[in-house]
Structure formats: structure tokens, C-alpha cells
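Here's the structure we're looking at; comments come further down.
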Amino acid sequence: MKARRLLAIAPAALLAAAAYAAPSWAQNEQFIPHLVYRTGPYAPNGAPFANGIADYYKLINERDGGINGVKITFEECDTGYATDRGVECYERLKGKGPTGASYVIPLSTGITFALTEKAPIDKIPIISMGYGRSESRDGSVFQWNFPLLGTYWTAADILVQHIGQREGGLDKLKGKKIALVYHDSPYGKEPIALLQKRAQMHGFELLLYPVTHPGVEQKATWLQIRQNRPDYVLLWGWGVMNSTAIKEAVAVNYPRDKMYGVWWSGAEPDVRPAEDGAKGYHAITLQHTAGQFKLHEDLKKYVYDKGQGSAKWEDTGEILYVRGLINAVLGVEAIRTAQERFGKKPLTGEQVRWGLENLDLSADRLKQLGFDSEVKPIKVSCEDHEGARTARMQTWDGKNWKISSDWYTGDDKVLLPMVKEAAAKYAAEKKISVGCLMMN
Amino acid sequence: MLYREVGQFKTSYQSDEAIFPIAQDRWFVIALILFAFLGVPLFAGQYLYTELLIPVLILSIAAIGLNILTGYCGQLSLGSGGFMAVGAYAAYNLALRLPETNIVLVFLLAGLMAMLVGLLFGLPSLRIKGFYLAVATLAAQFFLEWAFARVKWFTNYAPSGSVAVGRIELFGFPIDSPGKTYIFVLAFTIVLALAAKNLVRGRIGRMWMAIRDMDIAAEIIGIRPLHAKLSAFAVSSFYIGVAGALWGFLRLGSWEPLAFDVNRSFQVLFMIIIGGLGTILGSFLGAAFIVLVPIFLNQLPSRLGVPLSTAAISNIEFMLFGATIIFFLIVEPRGLARLWAIAKEKLRLWPFPY
């Protein structure tokens, strides 16, 4: 009995004994916290993205010796897509490194919402490439949020444009039914506002089908879709919700050709589980395609041949891995841009924010970086934290993703008033001072 | 030797009925409270405040609430997450629509709203017991989660369904730093814990415990089960609602219904089971255990210098956490509070064996 009671205290003693070892940081390093989720229901999609980012940082260190000589250090922290874990990881990592965290990539709209409150106080920019609040495009209100390459309103807008073109003109949408099967979270609810506006403009009926997290229970949703027979279904899911949706569509025999996923619902882990059933499923791209490209030569030489790769070499052409590479290159180039102004040394989050707001990658520069087939030129400014608003469609043919449309651009006549209104409402509610952040 | 109460004579009923009858206990608790208010701010950093202390304190309040219901009154409830959500959204709407209200009043009124909802969902307890009641409260959890996701009025018609609150201020004094938030939450926790301790030591608490131990016998000797069970639900939901409001405003800042899902309910339940059902100290110990151990386990491999992938760390953390819970429950099924009580008992005799 006594030994058992003593044993009870042992784990507590062990935990207390884990000494608070503060690591010593070399002075010439740029720290970037790496929030990932490799566990949980969203891990199949979170892991390749995290691998892409990690591999690009390693490549920059190995091939170039860092950004102008300043090596990148990064530390992973598993958030499991949970908002409170994400905030805990952010708090744990934000002060590390000689100058603190450069920026943070939450890969979760929920965590982005939570960090939007904290980032201005901690002065760490949030790069929410392809997600986050759609109104954070307005940099005069959301000075620390950067929804680079596209927000959900952009995605929904382009999807409607494409469907309109497929029907023969946006006016032909009148009387049609477009269903939105969405993850019942801020992520999934984002496009609703724009779709409702477009529904008003063109006269189509918008049917909304929320799916509760994590999204494995969709039988009722798809039975309703079978009953209502919408002309098109837009899928706004993540993780296992995507693959479940496609499998349910096969089960109720809804033509996958009429399904369009957002760029987070159009990756290999989403379509492979349904096997042949997913053929013909479309998704909007976040500019890039699948497949290895010019950068992979360097990746192989400097990272994978040395055994440092995070993923398997065959998987480095997958959509989410490539997206991770792109997210990393935008962050690294922002740091490089900031270094041109502030000096080739480790920079603070505030300085990196300036770099993000003045990020300007031309077609030539992208070619130099090895990304020219994947990303179009991007120019960020205070008014436009998105930088670019263009995308195209891709289709799954059973084995690969193939581009199936031309480039579309988000229609600012529709988007800009909505962004301005939502941003102004946020500014009024939070009583923040509106204006572009200037740095002396 | 140090802990004996030799020479401590009670000369009045008041001193005999004190919460901490032994002088050493009183001094220890007073010292602890003074340390918490004055000592901790001297050395605590931001991470300690925002990730360790504040979550533990807020969830202690929720654990006290659930302990009153499940530990003292024996009504198993899995609806804690939903009631926390009621508190959080009620506080949000009060702060939004009546912006001049004192923040303390906002939180207390939010607790009151949660109390009313808790009373409503506590009505089934008059008919059903044990696991069936657990299912009924689980229904409450899912219904409330659904209500806050669907009824747009609660979230002020936010397109994303997510609500955000700004900084709060108390009598014009802004509570904007983690240190000030910590003091605010600590004050709330101490006042509410004191109130709960007095409730459970008095007539009402004995009424609850009688219902827990054998409700038919309690009814026979004149305790009205309706009165007892519904008052337990009411007080418990008040505490959980206040905890939910504090969690939303001071811990999260911005939240969606997912922050109060069924996992939150389970978390609070596990806190009181590990900490000790039917004790106030157990609520604190359980909250500290459930909040802090996963964070320590997550950071342990890197502190010890063991290189593991984050996926491995996360998975090991889950497994070790579960194993630790099982271990503690085998060693002492009555929870950490019982271990503490046994330690105190042994200390009374120390250094003598008997």
C-alpha cells in the first residue's frame, strides 16, 4: 500500500523535474513557428502541407545558406486543428528566436480568428494564404492579416463565374439551384455571404447544407441533395469531410461532374478514398497545379538526396505539398523584401509585416525562384493584402489533377464593396483605428 | 510534529465551525492566497499567465459547478460544455447590447442565464437517474451547441458564426494585460470557491448529499427531491455559466460553438473524477491536472532532448495522459483530493508511524 501511494507521487515528481531548459539561440537566425496538425481528423490534409513548408525552409538553408545568410530555424507544434491548442502553440513559440516569431501560418480559419485578436498586440503577422477572414484583404483595418493569393469570397466568386460560363452566361443561372455543402465552422460559413449576393444578382437559388465537424456524418445531407436535385454542389470541407462527401455523392448517384470543391477540398487525400467514384470531380485551384516543377530539381539535390525530406519523394508533387512550398516561398520572400529595407539580419515580426505588405513578385522573379508555372505575379499593398485574385479549375481524372479551365479573376465590382463594408463593421465593433501602418 | 493540533482549543461555535479548523491549514491557505495575489506577479511571464494559470482557474470554477451537481448531488451531467456556451454567449450579448454594464455584473448575469437554462434541462432529473440522466444532459449539450450555431441572433448575425470580444474594463480600469486578467480571474475564483464551500457545508449541501447517497431515504425524512435536485442544477449551472463567460472573454477572446463542444463537457467531467467527486479542493486539483499534464507531456520530449516528430509527440501525449489517469484512479479511486487528505492525515502523526 505504502509503495503504491509513493508511486503515485512519482509521475508528478518526474514532471516537476523536467528542468526549464531555455535553449540558447545563435544570434544570426530567423525563427518561424510552424503550427501543424499531424494528428486528428484533419491530419491527412495537414501533414503534406506542413511537409511542404518544412522542406522549403530546409532547402533555403541548405542551398542558399539562409535568407541572405540568416538561417531559418523553425519549430513544429501540433495543434490538431483545435483553436485552443493553436493558441497555446502560438503563445509557446512566439517569443523564441533572437527576434521572436517572424510570422505565423495557422492553416485553420478558427485559429486565425483567435490569433487575429492577439497578433496586433504581439506584433506578429498572420499569413492566412487561401483562408482566414475574407474581409482581412483590407489592410487598413486588418493590418496584421495577410490572406495571400485568395480568400473564400474570391473562391466563391470565381466558382460562380465558372459555373455561369459553363451554363453559357451568368444570366443563364436564373432559376438554377446551387447547393453549398459546408463545414459548420467559420471556414465553411465564409462563402455564404458572397454566394447570397451572387444569388440575388443572377437569380439562382442557394441551398445551404451544413455538416458538423468532423464531417463523417453526411448521409442525411446527401439524401436531401438527392431529393432537391441541385444543379451544382459546391463543397467547402476539410479533412475527412471531403472524402466522405465524395463517397456519399457516389452513394446517392449525384454526378461528380457537377461538384466543385474549394481549393481546400481539391487534393489527393480527398479523392483517393472514393477511388473511381471521384472521377470528374472538379475543384478550384489556388493558382497552382499538382505535379513536380522546376523547384523540385533543387529540392531533390539539396534536401531529398541528403535524406532530409519530410515527405516521400513520390508525394512531393501533390497539391497540398506544393501549396506548402508556395506558402513558404511567400513568407521567405517577404522576409527577403524586409531585409532589403531593414538590413540583412534577423528581423522582428513588425519588420516582416512591412515585408509582407510590400511583397512584389514579378513573373521573372518567380521564374528565378523556380515557381513560374505555379504562381502568377503577386503584388501586396496596404489596400490589398490578398495580392492576387486569380484561379482556374482542375478536374480529377482518376489518377491526376488536370487543369480544366482558363484563368478567372475575382470580380472586384462585387467583392470590393463587400470587403469594405465588412471591414468597416469590424473596425466599428472593435473600435480600432483604421489606417495603413507606416514604419519609419 | 508540525501538523498536530495539540493546544488548539476552540472556545466558540464560530471557531469550531470554521472552514479550516486547524490553524496550520488556515495559515497555509492564507499564505497561498497571498502568494497567488502578490507573489506570482513578481516572476510570472506571459505564457505562465495565459496558458497555465488562467485556464486552470477558469476551469476550476466550472469543475466546482459540476462537482456540486455530480459530486455532491449525484446527478450525472454531460452538459457542462453547453452551459458554458450559454454563459459565454449570454455575456457576449449583454456586453454587446448593454455596453455600459459593469463587467462583473455581465458575468454574473450570464451565470444567471445559464442557471435558467440549467433549471430547464434539469427537470428530467426528477424522473430519471444515473446514466439516463447523463443522456438527457448530453441532449442538452448538443441542443445548445446547435442553437448557438443556427440562431443567428446569438452571434449578432456574424457571417462566419464566430464572435469576438474586445478588451474589458473594470470601473474604467482596462484589464488588458495577462497579469491583470489573472488577478481578475483569481478574485472571481476565490469568491466563488468560498461561496461554494459554504453552500456545501450547510443545510443545502447536506440536502444534496442526502439525495446523492440515497434519494428515497432522503425523501422519506422530509427532503424535497424537486427542491434539492433543481437547486443543485441551478447553482451548478450558475457556476458553469460564469466559467463559460470568463473562458470566452478572458481566455479565448474570439470563439465559435466548437469551443464548447462535447469534448469540453468530458474535460470538465474528467476534472472532477480525477480531482475527487464531492470535494471543492478536488475541483482545483483536477482542473490543474487536466490542463497542465498534456502541456507538460507535449513539451517533455524536447526538454529531455529526445528527438521525436510532432505527430509522435501528440500521439504519445494522448497515450501517456490516458495512462496517467488510469494509474491515478487505480491508486486512489476517490481522486487527488483524497490523496491530499491522506497526506494530511499522515502528516498529523509524522514522524511517528502511528
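Chain order of the listed sequences is A and B. Take the first sequence: its position 192, counted from the start at 1, is 192 in our numbering, and no numbers get skipped. Take the second sequence: its position 68, counted from the start at 1, is 68 in our numbering, and no numbers get skipped. Don't be surprised by glycine CBs; every beta carbon is placed ideally from N, CA and C. Small disclaimer: the values here were computed from a predicted structure and weren't measured.
Discussion item. Please list the terminal residues of the continuous beta strand (DSSP E) segment that includes A:E441.
Written reply: Because residue 441 of chain A is not part of the residues shown, which for chain A are 1 to 440, the question remains open.
Worksheet item: Counting along the chain, where does the beta strand (DSSP E) carrying B:F173 start and finish?
Response: Residue 173 of chain B sits at position 173 when you count from the first residue of the second sequence. Element bounds for B:F173: F173 to I175.
Worksheet item: On the three-pair Cβ rule with 8 Å, is the stretch 78-96 of chain A touching the stretch 32-46 of chain A?
Response: yes
Worksheet item: How is the alpha helix (DSSP H) around B:F238 delimited, first residue to last?
Response: For the purposes of this step, residue 238 of chain B is taken as the residue at position 238 of the second sequence. Run containing B:F238: P225 to L246, per the alpha helix (DSSP H) assignment.
Discussion item. Distance check for A:G95 and A:A22, CA to CA, integer angstroms please.
Written reply: Translated into the one-based positions of the first sequence, residue 22 of chain A becomes position 22. Translated into the one-based positions of the first sequence, residue 95 of chain A becomes position 95. Bear in mind that the predicted position of A:A22 carries a pLDDT of just 46, short of 50, making it too unreliable to give a figure here.
Fill in: Span of the alpha helix (DSSP H) around B:F328
Taking the second sequence and counting its residues from 1, one reaches residue 328 of chain B at position 328. Segment T310 to V331, the alpha helix (DSSP H) holding B:F328.
Item to complete: Output, in chain order, the set of chain A residues within a Cβ distance shorter than 7 Å of B:Y3.
Response: By one-based count along the second sequence, residue 3 of chain B stands at place 3. Per Cβ cutoff of 7 Å: no residues; B:Y3 is ~17 Å from chain A at best.
Worksheet entry | Span of the alpha helix (DSSP H), counted from its first residue to its last, around A:H296 | Working through the first sequence from its first residue, we reach residue 296 of chain A at position 296. L295 to L299 is the extent of the alpha helix (DSSP H) around A:H296.
Worksheet item: By Cβ distance below 7 Å, which residues in the same chain neighbour A:A17 in space, the five residues on each side in sequence not counted?
Response: Here residue 17 of chain A refers to the residue found at position 17 of the first sequence. Confidence at A:A17 is low in this model, with a pLDDT of 45, below 50, so its placement is unreliable and the value that follows should be read with caution. Short of 7 Å from the beta carbon of A:A17, and not among the five residues preceding or following it, lies no beta carbon of its own chain.
Discussion item. Per DSSP, what are the beta-bridge partners of A:K146 in this structure?
Written reply: Looking up residue 146 of chain A in the first sequence gives position 146. Sequence inspection shows Phe at residue 146 of chain A; the Lys mentioned does not correspond to that position. Answer is A:I127.
Worksheet item: Between the beta-carbon of A:A274 and the beta-carbon of A:S243, is there less than 8 Å?
Response: For the purposes of this step, residue 274 of chain A is identified with residue 274 of the first sequence, where counting begins at 1. For the purposes of this step, residue 243 of chain A is identified with residue 243 of the first sequence, where counting begins at 1. Yes, these two residues count as a Cβ contact at 8 Å.
Worksheet item: Excluding sequence positions up to five away, which residues of its chain have a Cβ less than 7 Å from the Cβ of B:A164?
Response: Residue numbering aside, residue 164 of chain B sits at position 164 when the second sequence is read from its first letter. Excluding sequence neighbours, B:A164 sits near G253 and S254.
Worksheet item: Would you call the CB atoms of A:V332 and A:I60 closer than 8 Å?
Response: Counted from its first residue, the first sequence places residue 332 of chain A at position 332. Counted from its first residue, the first sequence places residue 60 of chain A at position 60. Yes.
Worksheet item: Taking three-plus beta-carbon pairs below 8 Å as touching, is the stretch 116-126 of chain B in contact with the stretch 227-237 of chain B?
Response: By the Cβ criterion, the stretch 116-126 of chain B is in contact with the stretch 227-237 of chain B, since at least three pairs of Cβ atoms, one from each stretch, lie closer than 8 Å.
Worksheet item: Where does A:V434 fall in DSSP's three states?
Response: Working through the first sequence from its first residue, we reach residue 434 of chain A at position 434. If DSSP states are grouped into helix, strand and coil, A:V434 belongs with coil.
Item to complete: Provide the residue(s) that pair with A:L234 in DSSP beta bridges, ordered along the chain.
Response: Counted from its first residue, the first sequence places residue 234 of chain A at position 234. DSSP output for A:L234 lists A:L180 and A:Y260 as bridge partner(s).
Discussion item. So, for B:G205: in the same chain, excluding its five sequence neighbours on each side, which residues have a beta-carbon less than 8 Å away from its beta-carbon?
Written reply: Along the second sequence, read from residue 1 onward, the residue named residue 205 of chain B stands at position 205. Cβ neighbours of B:G205 beyond the five flanking positions: Y72 and L199.
Worksheet item: Are the stretch 261-272 of chain B and the stretch 69-83 of chain B in contact at 8 Å, needing three or more beta carbon pairs?
Response: yes
Worksheet item: Counting Cβ pairs closer than 8 Å, one from the stretch 381-389 of chain A and one from the stretch 95-111 of chain A, do we hit at least three?
Response: no
Worksheet item: What did DSSP end up calling A:V271 once you bin it into helix, strand or coil?
Response: In the first sequence, residue 271 of chain A corresponds to position 271, counting from 1. DSSP places A:V271 in helix when its eight states are reduced to three.
Discussion item. Just checking: is the beta-carbon of A:K413 within a distance shorter than 8 Å of some beta-carbon in chain B?
Written reply: Numbered from its first residue, the first sequence carries residue 413 of chain A at position 413. So no, A:K413 is outside the interface.
Discussion item. Check this for me: beta carbons of A:A290 and A:V322, under 8 Å apart or not?
Written reply: Mapped onto the first sequence, residue 290 of chain A falls at position 290. Mapped onto the first sequence, residue 322 of chain A falls at position 322. Against a cut-off of 8 Å, the Cβ pair of A:V322 and A:A290 comes out as a contact.
Discussion item. If distances are taken between C-alpha atoms only, which option among B:R167, B:V293, B:L277 and B:F328 comes closest to A:K431?
Written reply: Within the first sequence, residue 431 of chain A is the residue found at index 431, counting from 1. That would be B:R167, whose Cα lies nearest to the Cα of A:K431.
Worksheet item: Can you tell me the Cα-Cα spacing of B:I326 and B:V293, whole angstroms?
Response: Sequence index remark: in the second sequence, residue 326 of chain B carries index 326 (1-based). Sequence index remark: in the second sequence, residue 293 of chain B carries index 293 (1-based). Rounded to the nearest angstrom, the two C-alpha atoms are 14 Å apart.
Discussion item. Output needed for B:L230: all residues of its chain with C-beta closer than 7 Å, excluding positions within five of it in sequence on either side, in chain order.
Written reply: Reading the second sequence from its first residue, position 230 is the one you call residue 230 of chain B. Correct list, in chain order: L119 and G122.
Discussion item. I'd like to check one pair, B:A90 with B:M113: are the Cβ atoms closer than 8 Å?
Written reply: Taking the first residue of the second sequence as position 1, residue 113 of chain B is located at position 113. Taking the first residue of the second sequence as position 1, residue 90 of chain B is located at position 90. A contact, by the Cβ cut-off of 8 Å.
Discussion item. So B:L109 contacts chain A; which residues on that side make the cut at Cβ distance below 8 Å?
Written reply: The residue given as residue 109 of chain B occupies position 109 in the second sequence. By Cβ distance, chain A contributes nothing, its closest Cβ being about 21 Å from B:L109, past 8 Å.
Worksheet item: Does the beta carbon of B:P21 come closer than 8 Å to any beta carbon on chain A?
Response: Here residue 21 of chain B refers to the residue found at position 21 of the second sequence. So no, B:P21 is outside the interface.
Worksheet entry | Interface partners of A:R226 on chain B, CB under 8 Å | Numbered from its first residue, the first sequence carries residue 226 of chain A at position 226. Chain B residues near A:R226: none, gap ~23 Å exceeds 8 Å.
Worksheet entry | Boundaries of the alpha helix (DSSP H) in which B:L32 is found, first to last residue | Residue mapping note: residue 32 of chain B aligns to position 32 of the second sequence, counting from 1. Its alpha helix (DSSP H) spans residues A23 to L34.
Practice prompt. On the DSSP bridge assignment, give the partners of A:Y209 in chain order.
Written response: Position 209 of the first sequence holds residue 209 of chain A. Note: A:Y209 sits in a beta bridge opposite A:V181.
Worksheet item: According to the Cβ coordinates, are A:Y408 and A:T390 closer than 8 Å?
Response: The residue given as residue 408 of chain A occupies position 408 in the first sequence. The residue given as residue 390 of chain A occupies position 390 in the first sequence. A contact, by the Cβ cut-off of 8 Å.
Item to complete: Tell me whether the beta-carbon of A:G239 lies closer than 8 Å to the beta-carbon of A:R256.
Response: Against the first sequence, residue 239 of chain A aligns to sequence position 239. Against the first sequence, residue 256 of chain A aligns to sequence position 256. Their beta carbons are not under 8 Å apart, which means A:G239 does not touch A:R256 by this criterion.
Worksheet item: With distances taken between CB atoms, is the gap from B:G241 to B:G87 smaller than 8 Å?
Response: Looking up residue 241 of chain B in the second sequence gives position 241. Looking up residue 87 of chain B in the second sequence gives position 87. In contact: B:G241 and B:G87 (Cβ atoms closer than 8 Å).
Worksheet item: From B:V104 to B:E169, what does the alpha carbon distance come to, in whole angstroms?
Response: Here residue 104 of chain B refers to the residue found at position 104 of the second sequence. Here residue 169 of chain B refers to the residue found at position 169 of the second sequence. Computed Cα separation, rounded: 10 Å.
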